[in-house]
Each structure stands twice: as C-alpha cells, then as structure tokens.
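All remarks here apply to the structure that follows.
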Amino acid sequence: MGVADVEFIGNTLYGLLSGAGCSHGVPDIPNQVFRVNHDGTWTTVANISNFLMNNPVANPDPADFEPDGTPYSMVNVDGQLYITQPNQQEIDKISPGTGSIQRIIDISKTYPGATNWIGPTSMVYHDGNFYFGTLTPFPIVQGAANVYKLTPEGKLSVFATGFTTILGVTFDEVGGLYVLENTVGFPFPSPGAGDIIRVDPSGEKLTIASGLNYPTAMTFGPDNKLYVSIWGFNGVPGQGEIWQFDVTCAKSKSIKKNNLND
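Next comes the structure, spelled out in structure tokens:
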C-alpha cells in the first residue's frame, strides 16, 4: 500500500507507511512513521507495528484484524504527529524527537464489536480540535458514516452525520466543512461514485462535485483551492490524477474544475 500520508515539520518531511509488517507479507519493514533525510534516504522514527502488537485495543474486530494496523491519515500539530488507525480504531500521537507513541483514544471501547466498527480515516486539526471521517463496514450502508470531533484530551463527539465511506475531510477559511465520499449508492467501492459535500456552519449541505472515480484524499492549497486525488486505488499504472476545484463560489453552485494529471 506504500505511503499513506506525508507531513512537514519545518523543512523536514515525514511519511506514514501503511501495508507493511508481517501481516502484510513484509516482515523486514514495519508500519511506521519515517523521516526523509536530506540525502534522499529515510529513517524510521516510530515503529507502529511494534506498538500495536504490544498495546492491543480493547475490542479488535475478529473478522477483519490486521496485527500491523492500517494507518491512514497523519496531522502535524505543534511538531507532534497524530495518526488514525482505521482497522484497530484508534488515534495515536507520535513524538518525532523520541519516537514515542501515545494512544489518544481507543475508539473500540466506545463502539465495541464488529457491528459497531466505524474505522477512522481522514483527520484534520481545526480550531484546537481534531475532526475525522469514518469508513464503516462493508457492504456499504448509505449515510452511515459520520464526522467526529475529538479534543486533544481524548473526548469524542459526533460533529456531522449522514455521509458514506469518508476518505477525506478539511475546513475552509470561513469554517465550512468539506467531506470526500469515496462511494455513494453502491454496496462496495465503485468508479464514478465519489463526491464532495460542503457543510456550512449552520449545518446546510451542498454537493460540490459528484461522479468522481475512487477519490482518496483532499486538502486546501495555499491558493484556497481544493485539491483531490482521483483513482487512488483500483486504477491502472499512470491513471492517478490530482483535480483542482475552485470553491470560492460554492454557495452559488458555481464550481470550476481543473485536472492536474499525475
């Protein structure tokens, strides 16, 4: 699966490795946070596989359990890295200086059992709190995914409801929440079924884009335009794209789109 996310701390690049470790057939390389050195080499900062095996969550899903986890999203807050773990349902804090890992919340304690598995995926830091979307089990239940708010102290609450297979969340400069849904209207991941929903602070929802092919990540650039990865999986080599959306006129439903081919 490779690198799931990247973050800069100052001029240093950090990567989040997912899909490695013994449970994925890669025994010599654990799931981890790594630092990219100035000469292009990389160095392990925190061994996620080892942490998970020595600190199991309270209620792992026995029907779909990855001992090495499947880390998905990483956020830099004041030089500390926070990651989501969809498979084992937790949010962890990693200190790059020491490599220490601290569990912020074990979501499996709140939602125990396979039937209540929510799978935290994309996460963003906004106004002093974390916000993350959820995947939910397969077959996909329409509208079953939520966006949750998590305080730095580990207090969890529902922030917005009624979404489907969320793989991206972000906020604009005026507090609008953008939610990237990977597949809508189908029981399993399907092409042409992704969309972007904007949620105003009032709670009103607006569809920004639809018909996207396997979108997997989303962020605002310094130009205040929205950038979305397309064909994040299930494509052929070279098919991946980055799409740019001008959402300055989102409330009037006037959206401009540019393709930035990978």
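Be aware that the sequence shown starts at 5, since it is given in the working numbering, and climbs by one per residue.
In this text, a Cβ means the ideal position worked out from N, Cα and C, and glycines have one as well.
Proximity of residue i and residue j at Cβ, strictly below 8 angstroms
i: Tyr4; j: Tyr135; result: It is not possible to answer for residue 4, since the shown part of the chain is limited to 5 through 266.
i: Gly196; j: Ser126; result: no
i: Tyr231; j: Ile212; result: no
i: Arg202; j: Tyr218; result: no
i: Glu94; j: Asp72; result: no
i: Gln92; j: Pro66; result: no
i: Pro100; j: Val49; result: yes
i: Ile170; j: Leu210; result: no
i: Pro268; j: Phe192; result: Since the first and last residues shown for the chain are 5 and 266, residue 268 lies out of range.
Status (buried if at least 16 other CB within 10 Å, exposed otherwise) for residue i
i: Ser104; result: exposed
i: Val178; result: exposed
i: Ala8; result: buried
i: Val145; result: exposed
i: Asp32; result: exposed
i: Asp96; result: buried
i: Pro34; result: buried
i: Gln243; result: exposed
i: Leu56; result: buried
i: Ser112; result: buried
i: Ser206; result: exposed
i: Ala149; result: buried
i: Lys255; result: Its pLDDT being 44, under 50, Lys255 is placed unreliably by the model, and the measurement read from it follows with that caveat. Exposed, by the Cβ-count rule.
i: Ala24; result: buried
N- and C-terminal bounds of the beta strand (DSSP E) containing residue i
i: Thr223; result: Ala221 to Phe224
i: Ile98; result: Glu94 to Ile98
i: Lys229; result: First-last for Lys229: undefined, no H or E at that position.
i: Lys159; result: Note, Lys159: premise wrong, no beta strand (DSSP E); not H, not E.
Start and end residues, alpha helix (DSSP H) containing residue i
i: Asn54; result: Ile52 to Asn58
i: Thr114; result: Ile111 to Thr114
Presumed contact (8 angstroms Cβ cut-off) between residue i and residue j, rounded CB distance
i: Leu20; j: Val37; result: 6 angstroms
i: Val81; j: Tyr129; result: 5 angstroms
i: Glu185; j: Gly198; result: 6 angstroms
i: Met5; j: Ser27; result: Met5 to Ser27, Cβ: 12 angstroms. No contact.
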